[in-house]
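Counting from 1, one number per residue, gives the positions in the sequence shown under the UniProt record's numbering. Following: one structure in structure tokens, then a few remarks.
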Amino acid sequence: MHEKLPKSVPSTSEEGVTQISSSSSLQLEVSKENTINHPVLSAKSLGRQVQNRWVWQGLNFELYPGEGLGIAGPSGAGKSLLLRAIAGLDPVQAGKITFADQPLASWSMPHYRSMVIYLHQRPAIMEGTVEENLRQVYTLRSHRDKVYNRHKILEYLEILGRRADFLERHSSALSGGEAQIVAFLRVLQLQPQILLFDEPTASLDAQTTQCFEDLVKTWLTKQPKRAYLWTSHDPVQLTRVINRSITISSDQEISDGK
């Protein structure tokens, strides 16, 4: 049974308008217990400037456990900038981001970025095989306490419709869509609490897109406090993968890479 999620507070800003809406075709299961918990992440009166112009301001929303929240808006509205700000990769000029009841500024960034991870629409892939790319992250200080789990990766590959020999592919031979798959696997193995998807299936065919969405849902349901944000230019896809959405608009047409 699908439960109604708590409503976010819409912005009253004149420069940047945030609208909150519920998805009409909810596909994700959200338990009643999750809906009454505190949000895992929130943004209060958030504002972002580029070249002394506001991209958006007065942006308010909350992300709840077990939820998929869509970020909608036209090109130039700052959707990617919002995800990057939440990931702690870009600054904001107004407002506050809170994760696990603590302000973003109070977190150690390496630790925070291991729990809240941004998946770029054009990810960087290192030289070497797919498996070498997956193992490489464990050399970073923030992940040295974790162990590479090949069995888990093979489970993910099966859901994605890929054979085990995909791990032997060299990065130079990967298509754009395959690079997105590698980046997704690289992130999933770290067991983050929140994922920030920026057009994650833009380079995938329809069948692989469906497999990708299935793996997202599998990941989401494994731990009760997981959640994600998702941007997409495909409104049909959004009805499949989100519970509700926020729409950001701005008078300032500043490119956000969309």
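Just so you know, even glycine gets a beta-carbon here, dropped at the ideal spot from N, CA and C.
Self-check item: Nonlocal neighbours in the same chain, by C-beta distance under 7 Å from residue 264, ignoring five residues either side
Solution: Nothing about residue 264 can be reported from this structure: the residues present for the chain run from 1 to 258 only.
Exercise. Taking only the alpha-carbon atoms, compute the straight-line gap between S25 and M115 and give it to the nearest angstrom.
Key: Taking the sequence shown and counting its residues from 1, one reaches residue 25 at position 25. Taking the sequence shown and counting its residues from 1, one reaches residue 115 at position 115. Here the model assigns S25 a pLDDT of 34, short of 50, so the residue's position is not dependable, and the following value carries that caveat. If I take the Cα positions, the gap works out to 29 Å.
Self-check item: Span separating the alpha-carbon of S249 from that of A77
Solution: The residue given as residue 249 occupies position 249 in the sequence shown. The residue given as residue 77 occupies position 77 in the sequence shown. Each residue's Cα considered, the two are about 5 Å apart.
Self-check item: Segment limits, alpha helix (DSSP H) that includes residue 269
Solution: For residue 269 there is no data in the structure shown, the boundaries of the chain being 1 and 258.
Quiz item: Can you give the beta carbon distance from L119 to L196, rounded, assuming they're within the 8 Å contact cut?
Solution: Position 119 of the sequence shown holds residue 119. Position 196 of the sequence shown holds residue 196. At roughly 6 Å, the Cβ-Cβ gap stays under 8 Å, so L119 and L196 are in contact.
Quiz item: If you run the structure through DSSP and keep just helix, strand and coil, what is V92?
Solution: Residue numbering aside, residue 92 sits at position 92 when the sequence shown is read from its first letter. In the three-state reduction of the DSSP assignment, V92 falls in the coil class.
Exercise. Answer yes or no: do G128 and Q93 have a C-beta to C-beta separation smaller than 8 Å?
Key: As a working mapping, residue 128 is identified with position 128 in the sequence shown. As a working mapping, residue 93 is identified with position 93 in the sequence shown. Contact: no.
Quiz item: To which residues of the same chain is I242 closer than 7 Å at the C-beta, ignoring the five residues directly before and after it?
Solution: The count along the sequence shown starts at 1 and reaches residue 242 at position 242. So the list reads S23, G68, L69, G70 and W230, once near-sequence residues are dropped.
Self-check item: Span separating the alpha-carbon of R141 from that of P110
Solution: Here residue 141 is taken as the residue at index 141 of the sequence shown, counted from 1. Here residue 110 is taken as the residue at index 110 of the sequence shown, counted from 1. Distance between the alpha carbons of R141 and P110: 9 Å.
Self-check item: Of the listed residues D234, D101, A227 and R113, nearest to T209 (C-alpha basis)
Solution: Here residue 209 is taken as the residue at index 209 of the sequence shown, counted from 1. The shortest C-alpha to C-alpha distance from T209 to any of D234, D101, A227 and R113 is the one to D234.
Quiz prompt | Residue interval of the beta strand (DSSP E) (run including N60) | solution = Here residue 60 refers to the residue found at position 60 when the sequence shown is read from its first residue. First-last of the beta strand (DSSP E) with N60: R53 to L63.
Practice problem: Within 10 angstroms of the Cβ of G58, are there 16 or more other Cβ atoms? Answer buried if so, exposed if not. | Solution: As a position in the sequence shown, residue 58 is number 58, starting the count at 1. Around the beta carbon of G58, 16 or more other beta carbons lie within 10 angstroms, which makes this residue buried.
Quiz item: Which word fits G176, buried or exposed, when buried means at least 16 other C-beta atoms lie within 10 angstroms of its C-beta?
Solution: On the sequence shown, position 176 is the one that residue 176 refers to. Exposed, by the Cβ-count rule.
Quiz item: Are there 16 or more other CB atoms within 10 angstroms of the CB of A124, so buried, or fewer, so exposed?
Solution: As a position in the sequence shown, residue 124 is number 124, starting the count at 1. With fewer than 16 neighbouring CB atoms inside 10 Å of its own CB, A124 falls in the exposed class.
Quiz prompt | Under the three-state DSSP convention, the category R84 falls into | solution = For this step, residue 84 is matched to residue 84 along the sequence shown. Residue state for R84 is assigned as helix, using DSSP reduced to three classes.
Quiz prompt | N-terminal and C-terminal residue of the beta strand (DSSP E) that F197 is part of | solution = For this step, residue 197 is matched to residue 197 along the sequence shown. Taken as a continuous stretch (DSSP letters only), the beta strand (DSSP E) holding F197 covers I194 to D198.
Quiz item: Are the beta-carbon atoms of K44 and K96 separated by less than 8 Å?
Solution: In the sequence shown, residue 44 corresponds to position 44, counting from 1. In the sequence shown, residue 96 corresponds to position 96, counting from 1. Cβ distance < 8 Å, so K44 and K96 count as in contact.
Quiz prompt | With 16 other Cβ atoms within 10 Å as the buried cut-off, status of E199 | solution = The sequence position of residue 199 within the sequence shown is 199, counting from 1. That one is buried.
Quiz item: Within 10 angstroms of its Cβ, does R186 collect 16 or more other Cβ (buried), or is it exposed?
Solution: For the purposes of this step, residue 186 is taken as residue 186 along the sequence shown, with counting starting at 1. Under this definition R186 is a buried residue.
Exercise. Give the DSSP bridge partners of L140, in chain order.
Key: The residue labelled residue 140 in the question sits at position 140 within the sequence shown. According to DSSP, which records beta bridges pairwise, L140 is partnered with nothing at all.
Practice problem: Label P192 either buried or exposed according to how many other C-beta atoms from any shown protein chain fall within 10 Å of its C-beta, with 16 as the threshold for buried. | Solution: As a first step, residue 192 is located in the sequence shown; it is residue number 192 there, counting from the start. The C-beta of P192 has 16 or more other C-beta atoms within 10 Å across all chains shown, which makes the residue buried.
Quiz item: Taking Cβ positions, are K225 and P103 nearer each other than 8 Å?
Solution: As a working mapping, residue 225 is identified with position 225 in the sequence shown. As a working mapping, residue 103 is identified with position 103 in the sequence shown. No, Cβ-Cβ distance for K225 and P103 is not below 8 Å.
Practice problem: Identify, in the order they occur along the chain, each residue of the same chain with its Cβ nearer than 7 Å to the Cβ of D101, setting aside the five sequence neighbours on each side. | Solution: Within the sequence shown, the letter at position 101 stands for residue 101. Answer for D101: H38, listed in chain order.
Self-check item: Check whether Y148 and R135 have beta carbons under 8 Å apart
Solution: Taking the sequence shown and counting its residues from 1, one reaches residue 148 at position 148. Taking the sequence shown and counting its residues from 1, one reaches residue 135 at position 135. Going by C-beta atoms, Y148 is nearer than 8 Å to R135.
Practice problem: For S42, I'd like the list of residues in its chain whose CB is within less than 6 Å of its CB, leaving aside the five on either flank, ordered along the chain. | Solution: For this step, residue 42 is matched to residue 42 along the sequence shown. For S42, where only same-chain residues beyond five positions count, the Cβ hits under 6 Å are E62 and T98.
Quiz item: With distances taken from CA atoms, which of Q189, L220 and Q49 is nearest D145?
Solution: Walking along the sequence shown from the start, residue 145 turns up at place 145. Comparing Cα positions, the closest option is Q189.
Quiz item: In chain order, what residues of the same chain have a beta carbon less than 7 Å from the beta carbon of R84, not counting five sequence neighbours either side?
Solution: Mapped onto the sequence shown, residue 84 falls at position 84. So the list reads D90 and Y118, once near-sequence residues are dropped.
Quiz item: Ordered along the chain, which non-local residues of its own chain (more than five positions away) have a Cβ less than 7 Å from that of A179?
Solution: By 1-based counting over the sequence shown, the position of residue 179 is 179. Only P123 and I125 meet the Cβ criterion.
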